[in-house]
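Engineer: Everything in the sequence shown is counted per numbering that gives the first Met the number 0, starting at 0 for the first residue and increasing by one.
The structure follows.
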Amino acid sequence: MSENLRQPGAVLIEEVFIVATDGESYNLSNFMLEAVIYENMDLNGMAAEITIVDSNGLITAVPFLGQETIAVKFRTPTFESSIQMKFIVNAIKNRTLNNDREQFYTFHCVTPEVYSDSFVRLTSKFKGSTDQLAQTIFNEIAFGEAEINIQDTPHASQNYEFIANYWSPFKCLNHLASKSIGSETSKSNFKFYETKGGFHFTSPEFLIRKQKENRIIYDEYNIQQNQTEEITEDKRSGAYKYISPFIHSRFNQVESIYFPTFKDQIKSQVEGYTASSIVSYDFTTKRMAMMKFDSRPESEGLASQDKKYIKENFDSFHTISQINPTPPNMLGNPLANRTFAPMATSPFGSNFHRGVEQVRNTLIRRYGDAEFRNQVMEITVPGKTDIETGLLVRLVYPKTVELGQGRVDREDLEDPFISGIYLITGVRHDISNGQHSMTLSIMKDSLGDF
Numbered sequence: 000m001s002e003n004l005r006q007p008g009a010v011l012i013e014e015v016f017i018v019a020t021d022g023e024s025y026n027l028s029n030f031m032l033e034a035v036i037y038e039n040m041d042l043n044g045m046a047a048e049i050t051i052v053d054s055n056g057l058i059t060a061v062p063f064l065g066q067e068t069i070a071v072k073f074r075t076p077t078f079e080s081s082i083q084m085k086f087i088v089n090a091i092k093n094r095t096l097n098n099d100r101e102q103f104y105t106f107h108c109v110t111p112e113v114y115s116d117s118f119v120r121l122t123s124k125f126k127g128s129t130d131q132l133a134q135t136i137f138n139e140i141a142f143g144e145a146e147i148n149i150q151d152t153p154h155a156s157q158n159y160e161f162i163a164n165y166w167s168p169f170k171c172l173n174h175l176a177s178k179s180i181g182s183e184t185s186k187s188n189f190k191f192y193e194t195k196g197g198f199h200f201t202s203p204e205f206l207i208r209k210q211k212e213n214r215i216i217y218d219e220y221n222i223q224q225n226q227t228e229e230i231t232e233d234k235r236s237g238a239y240k241y242i243s244p245f246i247h248s249r250f251n252q253v254e255s256i257y258f259p260t261f262k263d264q265i266k267s268q269v270e271g272y273t274a275s276s277i278v279s280y281d282f283t284t285k286r287m288a289m290m291k292f293d294s295r296p297e298s299e300g301l302a303s304q305d306k307k308y309i310k311e312n313f314d315s316f317h318t319i320s321q322i323n324p325t326p327p328n329m330l331g332n333p334l335a336n337r338t339f340a341p342m343a344t345s346p347f348g349s350n351f352h353r354g355v356e357q358v359r360n361t362l363i364r365r366y367g368d369a370e371f372r373n374q375v376m377e378i379t380v381p382g383k384t385d386i387e388t389g390l391l392v393r394l395v396y397p398k399t400v401e402l403g404q405g406r407v408d409r410e411d412l413e414d415p416f417i418s419g420i421y422l423i424t425g426v427r428h429d430i431s432n433g434q435h436s437m438t439l440s441i442m443k444d445s446l447g448d449f
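Next comes the structure, spelled out in structure tokens:
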């Protein structure tokens, strides 16, 4: 039978089964009430919550006690790409008796590597380039065919060393991410995270650069809530190569939006997004040093007057567009956000973990981390299984002004501060009652499109 896709959020649940600790397998397709699957750049591994309606007493008959394996596979009709994952049950919660014949409970699950990370501890000294060390450490908790995708190699952060004192592998990988600089990008905002395609150790700046070079984005979504009629003509901007195929307009309509903060300049200063500084003491030369960073448009002029400013500013990094989201003449002071980092240079050769470059990297990293909290929102859209964290998406946010008569350009209908291309930093899949919706966490580092 041929498949049809007419309803936004339609989903085919192809596999939901659980393997008990004794090796017996049980099909949960008829018992599953809801499944929620999370992937996010702020999570080192994927997680899931699967709610069961149990009218057969499986939880005590099997029994289910935790550490079982759950395999899920679901797919958007007519799509080749599916979401197929295996999880380990780490907790069973919200157990509720509905009546003497039915009960509800939720399996809280994580991927096998996340589960293993809870028990593995490393006590060793590691030395080398951060990309090579990341691969070595990931191998400590890799299961089966699990692989890590390390990009922007070879890393410029060579000759790095640290001691893991009963650290978990994920703690080591997060530490390496905070110290890494790629070969092609310099914002040093590396992340270690998992998607349906595997684990990633990469810089969002690098992801943006590669997709921008090829003018590739995942899809385009429209905030207009009065869009009810089905439009079969592709109305997306057409300026990009879209990963997801156009079906009809209802698949590209935003169902809800959560945009808690449009601008918060005090928060930007406190977190180091507007400006920050770092003081360092060199234990070799017995000298103090200070470095300043400023992301405001006038930062280049400030740097010409004050040699303590590092050469990097907003224009030094690969961003979605070239329009700085911080307006000119915005109040800011690097000394209002000041931290300390020790330094120990060596006359016998540089060592990245305690040299000048690492202190500079700490300053830039703070800006990159703050950027992930500066211009962010969540949008809920119809679910599709060809999506993945790390892709770019375009959002069309309308102007709320009365338009005049005559021909109106597409750009005149869009809010220039909110519309534009965003990076998908997380996806929450909600599957319930045969429907699939997605909540996308998105952020942008600049204004507009590329």
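Glycine is no exception: its CB is placed at the ideal position from the N, C-alpha and C atoms.
Would you mind working out which of 99, 371, 391 sits nearest residue 240, comparing C-alpha positions?
Structural biologist: In the sequence shown, counting from the first residue as 1, residue 240 sits at position 241. Residue 240 has its Cα closest to that of 391, out of 99, 371, 391.
Engineer: Buried or exposed: residue 56, going by 16 or more other Cβ atoms within 10 Å of its Cβ?
Structural biologist: In the sequence shown, residue 56 corresponds to position 57, counting from 1. Under this definition residue 56 is an exposed residue.
Engineer: Spatial neighbours of residue 406 within its chain, please: C-beta separation below 7 Å, excluding the five flanking residues on both sides.
Structural biologist: Working through the sequence shown from its first residue, we reach residue 406 at position 407. Confidence at residue 406 is low in this model, with a pLDDT of 49, below 50, so the placement of that residue should be treated as unreliable; the coordinate-derived value is given next. No residues qualify anywhere along the chain.
Engineer: Quick check on the burial criterion: 16 or more other C-beta atoms within 10 angstroms. Buried or exposed for residue 231?
Structural biologist: Here residue 231 refers to the residue found at position 232 of the sequence shown. Exposed is the call here.
Engineer: Return the CA-CA distance between residue 15 and residue 135, expressed in angstroms with no decimal places.
Structural biologist: Locating residue 15 in the sequence shown gives position 16, where the first residue counts as 1. Locating residue 135 in the sequence shown gives position 136, where the first residue counts as 1. Residue 15 and residue 135: Cα-Cα distance of roughly 33 Å.
Engineer: In terms of residue numbering, what span does the beta strand (DSSP E) encompassing residue 422 cover?
Structural biologist: Here residue 422 is taken as the residue at index 423 of the sequence shown, counted from 1. Its beta strand (DSSP E) spans residues 419-431.
Engineer: Taking residue 63 as part of the beta strand (DSSP E), name the residues at either end of that continuous run.
Structural biologist: On the sequence shown, position 64 is the one that residue 63 refers to. From DSSP, residue 63 is part of no beta strand (DSSP E); its letter is neither H nor E.
Engineer: Going by other Cβ atoms of all chains shown within 10 Å of its Cβ, with 16 needed for buried, is residue 463 buried or exposed?
Structural biologist: No information on residue 463 is available, as it lies outside the stretch 0 to 449 that the chain covers here.
Engineer: Could you tell me which residues DSSP pairs with residue 105 in its beta bridges?
Structural biologist: The count along the sequence shown starts at 1 and reaches residue 105 at position 106. In DSSP, residue 105 forms a bridge with 50, 92.
Engineer: Let me know the beta strand (DSSP E) ranges lying completely inside the segment 277-333, each 3 residues or longer, listed in chain order.
Structural biologist: Segments of the beta strand (DSSP E) lying fully in the segment 277-333: 286-293.
Engineer: Which residues in the same chain as residue 412 place their Cβ atom closer than 7 Å to its Cβ, once the five residues preceding and following it in sequence are excluded?
Structural biologist: As a first step, residue 412 is located in the sequence shown; it is residue number 413 there, counting from the start. Once the five neighbours on either side are set aside, the close Cβ partners of residue 412 are 397, 398.
Engineer: In the DSSP assignment, find the unbroken beta strand (DSSP E) run with residue 197 in it and report its ends.
Structural biologist: The residue labelled residue 197 in the question sits at position 198 within the sequence shown. Element bounds for residue 197: 197-201.
Engineer: Once you ignore the five residues that flank residue 299 on each side, which residues in its own chain have a CB closer than 8 Å to its CB?
Structural biologist: The count along the sequence shown starts at 1 and reaches residue 299 at position 300. Once the five neighbours on either side are set aside, the close Cβ partners of residue 299 are 312, 314.
Engineer: Using CA coordinates, which residue listed in 434, 421, 427, 433 is at the minimum distance from residue 441?
Structural biologist: Here residue 441 refers to the residue found at position 442 of the sequence shown. Considering only alpha carbons, the answer is 421.
Engineer: Using DSSP with H/G/I as helix, E/B as strand and the rest coil, what is residue 269?
Structural biologist: For this step, residue 269 is matched to residue 270 along the sequence shown. Looking at residue 269 - three-state DSSP - the assignment turns out to be helix.
Engineer: Is residue 361 helix, strand or coil by DSSP?
Structural biologist: Reading the sequence shown from its first residue, position 362 is the one you call residue 361. If DSSP states are grouped into helix, strand and coil, residue 361 belongs with the helices.
Engineer: Give the DSSP-derived three-state secondary structure of residue 134 in the structure shown.
Structural biologist: Numbered from its first residue, the sequence shown carries residue 134 at position 135. DSSP places residue 134 in helix when its eight states are reduced to three.
Engineer: According to DSSP, which residues form a beta bridge with residue 338?
Structural biologist: Along the sequence shown, read from residue 1 onward, the residue named residue 338 stands at position 339. BP columns for residue 338 point to 277.
Engineer: Per DSSP, which residues does residue 37 bridge with? Please list them.
Structural biologist: For the purposes of this step, residue 37 is taken as the residue at position 38 of the sequence shown. According to DSSP, residue 37 bridges with 46, 427.
Engineer: Below 8 Å, can you find three or more Cβ-Cβ pairs linking the segment 185-202 to the segment 145-153?
Structural biologist: Verdict: yes, contact present.
Engineer: When the Cα atoms are used, what is the spatial distance from residue 276 to residue 378?
Structural biologist: As a working note, residue 276 is residue 277 in the sequence shown. As a working note, residue 378 is residue 379 in the sequence shown. Computed Cα separation, rounded: 34 Å.
Engineer: Can you tell me whether residue 251 is buried or exposed, with buried defined as 16 or more other CB within 10 angstroms of its CB?
Structural biologist: Here residue 251 refers to the residue found at position 252 of the sequence shown. Flag for residue 251 reads buried.
Engineer: Do the segment 22-35 and the segment 88-101 touch if we need at least three Cβ pairs shorter than 8 Å?
Structural biologist: The answer is no - the segment 88-101 does not touch the segment 22-35, with fewer than three Cβ pairs under 8 Å.
Engineer: Compare the beta carbon distance of residue 450 and residue 309 with 7 Å and say whether it is the shorter of the two.
Structural biologist: There is simply no residue 450 to check, as the chain begins at 0 and stops at 449 in what is shown.
Engineer: Hey, how far is the Cα of residue 387 from the Cα of residue 284?
Structural biologist: Taking the first residue of the sequence shown as 1, we reach residue 387 at position 388. Taking the first residue of the sequence shown as 1, we reach residue 284 at position 285. Those two C-alpha atoms are separated by around 48 Å.
Engineer: Consult DSSP for residue 439 and reduce its assignment to one of helix, strand or coil.
Structural biologist: Counted from its first residue, the sequence shown places residue 439 at position 440. The answer is strand: DSSP assigns residue 439 an E or B state.
Engineer: Flag this pair as yes or no: are the beta carbons of residue 271 and residue 336 separated by less than 7 Å?
Structural biologist: Working through the sequence shown from its first residue, we reach residue 271 at position 272. Working through the sequence shown from its first residue, we reach residue 336 at position 337. Taking 7 Å as the Cβ cut-off, residue 271 and residue 336 qualify as a contacting pair.
Engineer: In terms of alpha-carbon separation, which member of 167, 3, 8 lies closest to residue 429?
Structural biologist: Position 430 of the sequence shown holds residue 429. The shortest Cα separation from residue 429 among 167, 3, 8 belongs to 8.
Engineer: Can you look up residue 447 in the DSSP assignment and give me helix, strand or coil?
Structural biologist: Sequence index remark: in the sequence shown, residue 447 carries index 448 (1-based). Correct three-state label for residue 447: strand.
Engineer: CB-CB under 8 Å to residue 167, same chain, minus the five flanking residues each way: which ones, in chain order?
Structural biologist: Indexing the sequence shown from 1 puts residue 167 at position 168. Hits under 8 Å: 116, 117, 119, 120, 121.
Engineer: Spell out whether any CB of chain D is found under 7 Å from the CB atom of residue 204.
Structural biologist: Looking for chain D here will not work: only one protein chain is present.
Engineer: Roughly how far, in whole angstroms, is the beta-carbon of residue 37 from the beta-carbon of residue 427, given that I think they are within contact range, below 8 Å?
Structural biologist: Residue numbering aside, residue 37 sits at position 38 when the sequence shown is read from its first letter. Residue numbering aside, residue 427 sits at position 428 when the sequence shown is read from its first letter. That pair is a contact at about 6 Å.
Engineer: Just mark residue 237 as buried or exposed, buried being the case when its beta carbon has 16 or more other beta carbons within 10 Å.
Structural biologist: In the sequence shown, counting from the first residue as 1, residue 237 sits at position 238. With fewer than 16 other Cβ atoms within 10 Å, it is exposed.
Engineer: Just list the residues that DSSP pairs residue 81 with in beta bridges.
Structural biologist: Within the sequence shown, residue 81 is the residue found at index 82, counting from 1. Answer is 74, bridged to residue 81.
Engineer: Mind checking which residues open and close the beta strand (DSSP E) that includes residue 416?
Structural biologist: Here the question's residue 416 lines up with position 417 in the sequence shown. Segment: none, residue 416 is in no beta strand (DSSP E) and carries neither H nor E.
Engineer: Rounded to whole angstroms, how far is the Cβ of residue 186 from the Cβ of residue 156, which I believe are closer than 8 Å?
Structural biologist: Here residue 186 corresponds to residue number 187 of the sequence shown, with the count starting at 1. Here residue 156 corresponds to residue number 157 of the sequence shown, with the count starting at 1. Not a contact, Cβ separation roughly 13 Å.
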